[in-house]
Amino acid sequence: MRASVWAPRASRVDLVLADVTRPLSPGAGGWWTDTVDLQHGTDYRLSVDGGPARPDPRSAWQPEGVHGPSRVFDADRHTWRSSWDGLDVRGRVFYELHVGTFTPEGTLAAAVEHLDEIVSLGVDVVELMPVAPFNGRHGWGYDGVALYAVHEPYGGPAALQEFVDEAHARGLAVCLDVVHNHLGPSGNYLAGFGPYFTGKHHTPWGDAVNLDDDGSDEVRRWIADSALRWFTDFRVDALRLDAVHELRDDSPRHVLAQLSDEVATLSAALGRPTSLVAECDLNDATSVAPTSEGGWGMTAQWADDVHHAIHALVTGERHGYYVDFGTPAALRTVMRGAFLHDGRFSTFRGADWGAPVPEGTDGHRFVVCAQNHDQVGNRGLGDRPAQRLPVGLLAVEAALVLLSPFTPLLFMGEEWGARTPWQFFTDHPETDLAAAVSAGRIAEFGGHGWTDVYGGDVEVPDPQAPETFRASVLDRSERDDPERADLLEWYRVLVGLRRSVPDLASGDLAATDLTWHGPDDADGPWSGVLVLHRGAARVVANLTDQRAHVALDGPLDVAASSAPVEVGPDGIDIGARSVVVLVGGTA
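full-length UniProt numbering puts the first residue of the sequence shown at 1, with every later residue one more than the last.
Given below as structure tokens:
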């Protein structure tokens, strides 16, 4: 590797090695380069105008953390063993995991040891939460500062290559969560190299990443090159792009459209699918519209309204952003069109929000869930649904997600009803920053209606406390409980049905509907019977605490049920808090 760095305002840039400092030569466009090849494993830093030696903005390896030297990483040293043709992720089952809490060891190598469990579940895509380096050992990963590198406590870049290779060998695609909208507060030295940020726009984290101000062409290139590198050097199949609504870009061509077109070109060159999945809070299908039609060209986008509709209906929670949800009508709206707020008024936001999904849009363009890291971790106590709901209702939630017309995502441990919380945890070594994060979290989550949810005052876990992290590590011994083992098998059954029944695999929103027998609204958890129509298939969910009779018209076949079901000449008798899947018939 030859040292190269963009520092357009510098009058001098030095390459700082262990035993020598070498001046770099200025070139076109504000780039500075060296003629000497640096070998794999060489440590180096860069100094601008005689200032402190800092890590490379494009560092591939930070073995001593975000403040330490960069190290040269030769991605071609890995000999790829698996033969892999790639996978179109639309309509596939995702499994989101956090490397640091997926196993007690908290490493990519340890995660490999559990890939066969994920395969046995029927999952298609493993989604890794961010692996970019951040200060400290433990964290969610959304405060990373080195977009091209892999957190050393997880195993570093070589471990990620090995993880992808092992996943592909088992037929699993890999999606990597990446964060382009901001950098963490510790170890962020980019501003010392060039105009990576702009005061033209502001985000919840401060000045926005510079996508449309002076110098933005190279900043956009810095983002795009990092994304392309994951597809080439690490052979990942998809990227999940964090909070793209905070990529503030008023340029004629949005950075996401640019990235989408470049990834499509790369896909053609590689001869395998490469996908981009956006987390977007705008409720606007522009994100998945083709770039040729003015869209951003994303393969898919997260659709949180589906989660909100299911969660509020089953739990009765109506605080915060759940305020407009919790009715069967809201669930019907999202099952048929992904968004509840599709131009209508959002009470939580205090404004009209979103736009309707255009007719004919493939439902597989929307990723939905009953749990994910945000919806669990950003609760006051980081509690999972299994800590508050009976297993029967967990089975209902699973069926509504996995048999929906969307692309379903599971959150690690959900499949057996994990009761370990997943809390917000950090490990900032800086005393002032640690204190500010702890105080900020407690101040933010002391409200939001959590007192009403939990039935009393809430003691928000201190993110800096070691026990907050330890409590969030999965406990696989829970699967030994017969009730949890039955739930795990139910998830396997549902994934199998999604694969084997065309109507349940379809993303046709026009062939999807929802009817119900029960009240149109409720002050708490809704009690009644839902019938999700998926072509000729039916998913019948009894959310009451009593056995219920559901009339059916025409021939039927019980494909699966979470509890015993009785079939009669005019319908079925379904147990309390249970769900049955029917192929054929009309409910």
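By construction, the Cβ of each residue, glycine as well, lies at the ideal position given by its N, Cα and C atoms. Just so we're clear, the structure is a prediction, and the values are computed from it rather than from any experiment.
Could you please give me the residues that DSSP links to residue i through a beta bridge?
{"i": "S346", "result": "A351"}
{"i": "H201", "result": "Answer is none; H201 lacks a bridge partner."}
{"i": "D14", "result": "P23 and S47"}
{"i": "N542", "result": "V529 and S578"}
{"i": "I572", "result": "V550 and V567"}
{"i": "G206", "result": "T203"}
{"i": "V368", "result": "P408"}
{"i": "D177", "result": "R240"}
{"i": "F94", "result": "V125 and L409"}
{"i": "residue 595", "result": "Nothing about residue 595 can be read from this structure; the chain reaches only from 1 to 587."}
{"i": "R419", "result": "DSSP output for R419 lists no bridge partner at all."}
Taking buried to mean at least 16 other C-beta atoms within 10 Å of its own C-beta, is residue i buried or exposed?
{"i": "F345", "result": "exposed"}
{"i": "A436", "result": "exposed"}
{"i": "G413", "result": "buried"}
{"i": "R253", "result": "exposed"}
{"i": "P405", "result": "buried"}
{"i": "P358", "result": "exposed"}
{"i": "D304", "result": "buried"}
{"i": "L270", "result": "exposed"}
{"i": "A370", "result": "buried"}
{"i": "Q546", "result": "exposed"}
{"i": "S275", "result": "buried"}
{"i": "R220", "result": "buried"}
{"i": "H202", "result": "exposed"}
{"i": "G50", "result": "exposed"}
{"i": "T35", "result": "exposed"}
{"i": "W80", "result": "exposed"}
{"i": "G360", "result": "exposed"}
Going by beta carbon distance, what residues of the same chain come within less than 7 Å of residue i, once the five residues before and after it are set aside?
{"i": "D214", "result": "P195"}
{"i": "L582", "result": "A537, R538, V540, L556, D557, V558 and A559"}
{"i": "G535", "result": "D503, S506 and A511"}
{"i": "T198", "result": "D207, A208, N210 and D213"}
{"i": "R336", "result": "L509, T512 and D513"}
{"i": "G8", "result": "Inspection of the sequence shows that residue 8 is occupied by Pro rather than by Gly. Taken in chain order, the residues that qualify are G30, G194 and G215."}
{"i": "L115", "result": "E166, A167, R170 and L172"}
{"i": "P26", "result": "W32"}
Let's see if you can read the secondary structure: which residues bound the alpha helix (DSSP H) around residue i?
{"i": "Q258", "result": "V255 to L270"}
{"i": "H373", "result": "H373 to G377"}
{"i": "residue 612", "result": "Beyond the ends of the chain as shown, which are 1 and 587, falls residue 612; an answer cannot be given."}
{"i": "Q301", "result": "Where Q301 is concerned, there is no enclosing alpha helix (DSSP H), although the beta strand (DSSP E) it sits in stretches over A300 to W302."}
{"i": "Y454", "result": "W450 to Y454"}
{"i": "D225", "result": "S216 to T232"}
{"i": "Y491", "result": "P482 to S500"}
{"i": "D165", "result": "G156 to A169"}
{"i": "E444", "result": "T431 to F445"}
{"i": "L402", "result": "V391 to L402"}
{"i": "P466", "result": "P466 to A471"}
{"i": "R336", "result": "P328 to G337"}
{"i": "L172", "result": "Segment: none, L172 is in no alpha helix (DSSP H) and carries neither H nor E."}
Excluding five sequence neighbours on each side, which residues of the same chain lie with their C-beta closer than 6 Å to the C-beta of residue i?
{"i": "P328", "result": "W516"}
{"i": "H168", "result": "S82 and W84"}
{"i": "G295", "result": "T286 and A289"}
{"i": "R332", "result": "L514"}
{"i": "S561", "result": "V580"}
{"i": "A395", "result": "W490, S562 and V579"}
{"i": "D250", "result": "D212"}
{"i": "A243", "result": "N181 and E279"}
{"i": "P461", "result": "Q423 and T468"}
From which residue to which residue does the beta strand (DSSP E) around residue i run?
{"i": "Q23", "result": "The residue you asked about is not Gln; residue 23 is Pro in the sequence shown. Taken as a continuous stretch (DSSP letters only), the beta strand (DSSP E) holding P23 covers T21 to P23."}
{"i": "W516", "result": "T512 to H517"}
{"i": "V125", "result": "V125 to L128"}
{"i": "D34", "result": "W31 to D37"}
{"i": "R2", "result": "R2 to W6"}
{"i": "L276", "result": "S275 to A278"}
Can you list, in chain order, the residues of its chain whose CB lies under 8 Å from that of residue i, leaving out five sequence neighbours each side?
{"i": "A434", "result": "T426, H428 and Q464"}
{"i": "Y44", "result": "A3, L15, V16, L17, L38, D56, P69, S70, R71 and V72"}
{"i": "P104", "result": "A110 and V473"}
Kindly indicate if chain E contains any beta-carbon less than 9 Å away from that of residue i.
{"i": "V357", "result": "Considering every chain present, this structure includes no chain E. It has just one protein chain."}
Original post:
Three or more C-beta pairs closer than 8 Å, one from the stretch 54-72 and one from the stretch 143-151: is that the case here?
Top reply: yes
Subject >> Contact the stretch 512-531 vs the stretch 137-144: 3+ CB pairs below 8 Å >> reply: no
Original post:
With contact counted as at least three CB pairs below 8 Å, one residue from each stretch, are the stretch 565-579 and the stretch 542-555 in contact?
Top reply: yes
Original post:
Does the count of Cβ pairs from the stretch 295-304 and the stretch 86-96 closer than 8 Å reach three?
Top reply: yes
Subject >> Cβ contact (3+ pairs, closer than 8 Å) linking the stretch 258-277 and the stretch 220-234 >> reply: yes
Original post:
Can we say the stretch 307-315 touches the stretch 276-285, given the rule of at least three CB pairs closer than 8 Å?
Top reply: no
**OP:** Tell me, please, whether the stretch 383-399 touches the stretch 414-424 by the rule of three or more beta-carbon pairs shorter than 8 Å.
**Re:** yes
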